[in-house]
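In mature numbering (1 follows the signal peptide of the UniProt record, and there is no 0), the protein residues as written are -26 to -1, 1 to 435. Remarks on the structure that follows.
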Amino acid sequence: MNIKNLFNRSIWTASLAVCTGTAVMAQNPLVRDQFTADPSAMVVGDRVYVYPSHDVYWEENNGRENWFCMQDYHVFSSENLTDWTDHGVILRQENVPWGNRTANSMWAPDCIESNGKYYFYFPDHSNASSVNGEGFTIGVAVADHPEGPFVPQAEPIKGVKGIDPNVFIDDDGQAYLYWSQGHIYGAKLKENMLELATEPVILQELPSKGLKEGPYMFKRKGSYYLTYPHVENKTERLEYALGNQPLGPFEFQGVIMDESPTGCWTNHHSIIDFKGQHYLFYHHNDYSPDFDKNRSIRADSLFFEADGRIRKVVPSLRGIGLSSAYEKVHLDRYSQLSETGATIAFLEESNPFLGWKTILGNQEGWVKFDAVDFGKGNAQNMTWRVRAPQGGKVQIRQGSKEGQVISEVELDRNAEWQSITVPVAHQPSGIQDLVLQGSGTIEVDWVRWEKPTEGLGSLSK
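Okay, structure coming up:
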């Protein structure tokens, strides 16, 4: 797979602050210790919060076999789109008064702030005694802070049957709820954010062929962008339509992201503007390549053409955010990969959450990893986490395959992983791209530079 990264590093001058709480260091996928899907991203001040659904493995008598199984929701946040904090579980299915406590149907959610409160919208399978009767419907949980605690309402939103809630607040303060169930629906919300103010309408102007779901609305330069997953062929691709009003009519425009090349059936997304750059959050089955009901959330930069059209996003492993040279740099989340001589594989097939490794099979193989921040550039040493069953040599260059050698290591034959710390041959400074090359069969888990004793220094370019 030779995927090119669309990361726009020119926008980044923010510091690499270390998050408090349970930290998750990641590129794509963003969360690397559990399955996550259907990411709903929200900007609160200088921080991005992401509310995904939480896939778990199906077990006997625990939901529908070989299907989506979701029992609770977490929330994650970041100041720099690199270091993500897991704030833990914010809602469990057994805490929903009107829900089926064993349905495992806590599917794609959304969250929005209004009048100082945070409203978390989620689908669940309701019991027969709820205001909407039995079947999928949408509830609301309310909190004073974006990370919770969230308290679910006693009943779901009356008159809403379906899944995939999304809430949009227009410039005049009017809130709208969108959802899907065969069609994509929309309606105004009352000021309390808990009830419909109008009857639902079907957004009719979208493609009629194939499944449509997962609506996400945003506004840019006076135009309303209705975005959604759609099965045009075999799996979901992300599309969008434009309108002059929140409830349409809309005109189909095109594709935001193509179908998965590896056959992941679903995609689900959100789009935010953070510090002047738009980002697309979506998901893929990175940690579960043989079972696409266990997904992982990703993010890539999103750009607009001069006429307002969305430029198609090519999914990447490098993702977004800067990487600090003084934390582990996982080169397997590459920006570019050579056509031959380099591959990516799980460290252990039996435990995918351990992550991946880069395998260099010959001197033709190389891996490029963009945007690593070296600060003032006075690191003396770096550590390689490597193994070389046949022995060989491995090196990292600055910028390109012909760039200056930063570090080079001769490896004796060794089938075990080893951490080798060596002096650097060159001290990069500022933000640099890296290229990994080798001769012989070399496996690389990660590399890391030793933080200078006088501190990281300035992280601006």
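Think of the CB as a built atom: it goes at the ideal place given N, C-alpha and C, for glycine as much as any other residue.
Assumed close pair THR111, SER103 - CB separation to whole angstroms, cut-off 8 Å:
At roughly 12 Å, the Cβ-Cβ gap does not stay under 8 Å, so THR111 and SER103 are not in contact.
CB contact flag (ASN54, LEU296, <9 Å):
yes
Here's a check: name, in chain order, each residue in its chain whose Cβ is nearer than 7 Å to the Cβ of SER381, leaving out the five neighbours to either side.
MET356, GLN369, ILE370, VAL396, VAL398, ALA399
The segment 24 to 32 contacting the segment 137 to 152, beta-carbon criterion three pairs below 8 Å:
no
Would you call TYR31 buried or exposed, if buried means 16 or more other Cβ atoms sit within 10 Å of its Cβ?
exposed
Close beta carbons around ARG422, own chain, < 6 Å, minus the five adjacent residues each side
LYS302, THR357
Roughly how far, in whole angstroms, is the beta-carbon of THR201 from the beta-carbon of HIS243, given that I think they are within contact range, below 8 Å?
7 Å
Since LYS183 and GLU165 are thought to touch, with beta carbons under 8 Å apart, how far apart are those beta carbons, to the nearest angstrom?
At roughly 38 Å, the Cβ-Cβ gap does not stay under 8 Å, so LYS183 and GLU165 are not in contact.
With contact counted as at least three CB pairs below 8 Å, one residue from each stretch, are the segment 307 to 317 and the segment 387 to 395 in contact?
no
Can you tell me the Cβ-Cβ gap for VAL298 and LYS350, rounded? I've got them flagged as a contact below 8 Å.
At residue 298 the sequence reads Ser, which differs from the Val that was named. Contact flag wrong, Cβ pair sits at about 13 Å.
Could you tell me the alpha carbon to alpha carbon distance between ILE318 and PHE278, rounded to whole angstroms?
32 Å
Take the Cβ of HIS258 as the centre, count every other Cβ of all protein chains shown within 10 Å, and call the residue buried at 16 or more, exposed below.
buried
Whether PRO130 touches CYS85 by CB criterion (9 Å):
no
Helix or strand or just coil, what does DSSP make of ASN140?
strand
Measuring only between beta-carbons, confirm whether ILE318 sits less than 9 Å from chain B.
In the displayed structure, chain B is absent; only one protein chain is listed.
Which partner residues of GLU213 appear in the DSSP bridge assignment?
TYR202, VAL229
With burial defined as no fewer than 16 other Cβ atoms inside 10 Å of the residue's Cβ, what is the status of THR10: buried or exposed?
buried
With H, G and I counted as helix, E and B as strand and the rest as coil, what does DSSP make of GLU382?
strand
Contact check, HIS99 vs ALA77, beta carbons under 9 Å
yes
Out of curiosity, what's the CA-to-CA distance linking GLN8 and GLY62?
12 Å
I need the DSSP call for ASN78, collapsed to helix, strand or coil.
coil
Nearest-angstrom Cα distance between TYR93 and ILE246?
17 Å
Please state whether DSSP places PRO326 in a helix, a strand or coil.
helix
For GLU39, three-class secondary structure by DSSP
coil
Taking the alpha carbon of GLY122 as the reference point, which residue from PHE248, ASP138, LYS91 has its own alpha carbon closest?
LYS91
Let's test the definition: count the other Cβ atoms within 10 Å of the Cβ of PRO235 and tell me whether it reaches 16, buried, or not, exposed.
exposed
Alpha helix (DSSP H) runs contained entirely in the segment 244 to 318, provided each spans 4 or more residues:
none
Distance between TYR214 and ARG66 (C-alpha atoms, nearest Å):
32 Å
Counted within 10 angstroms of its Cβ, other Cβ atoms place ALA115 as buried (16 or more) or exposed:
buried
Under the three-state reduction of DSSP, which class applies to GLN372: helix, strand or coil?
strand
Can you list, in chain order, the residues of its chain whose CB lies under 7 Å from that of GLY222, leaving out five sequence neighbours each side?
LEU177, GLU179
Spatial neighbours of GLN401 within its chain, please: CB distance less than 7 Å, with the 5 preceding and 5 following residues excluded, ordered by chain position.
GLY351, ASN352, ALA353
If you compare alpha carbons, which of MET191, ASN218, GLY293 is closest to SER197?
ASN218
Given GLU233, which residues of its chain have a CB within under 6 Å of its CB, disregarding the five upstream and five downstream residues?
THR209, ARG211
In the structure shown, what three-state DSSP assignment does GLU417 receive?
strand
Applying the criterion that 16 or more other CB atoms from any shown protein chain within 10 Å of the CB defines a buried residue, is ILE41 buried or exposed?
Going by the sequence as given, residue 41 is Trp instead of Ile. Classification of TRP41: exposed, given that the 10 Å Cβ count is below 16.
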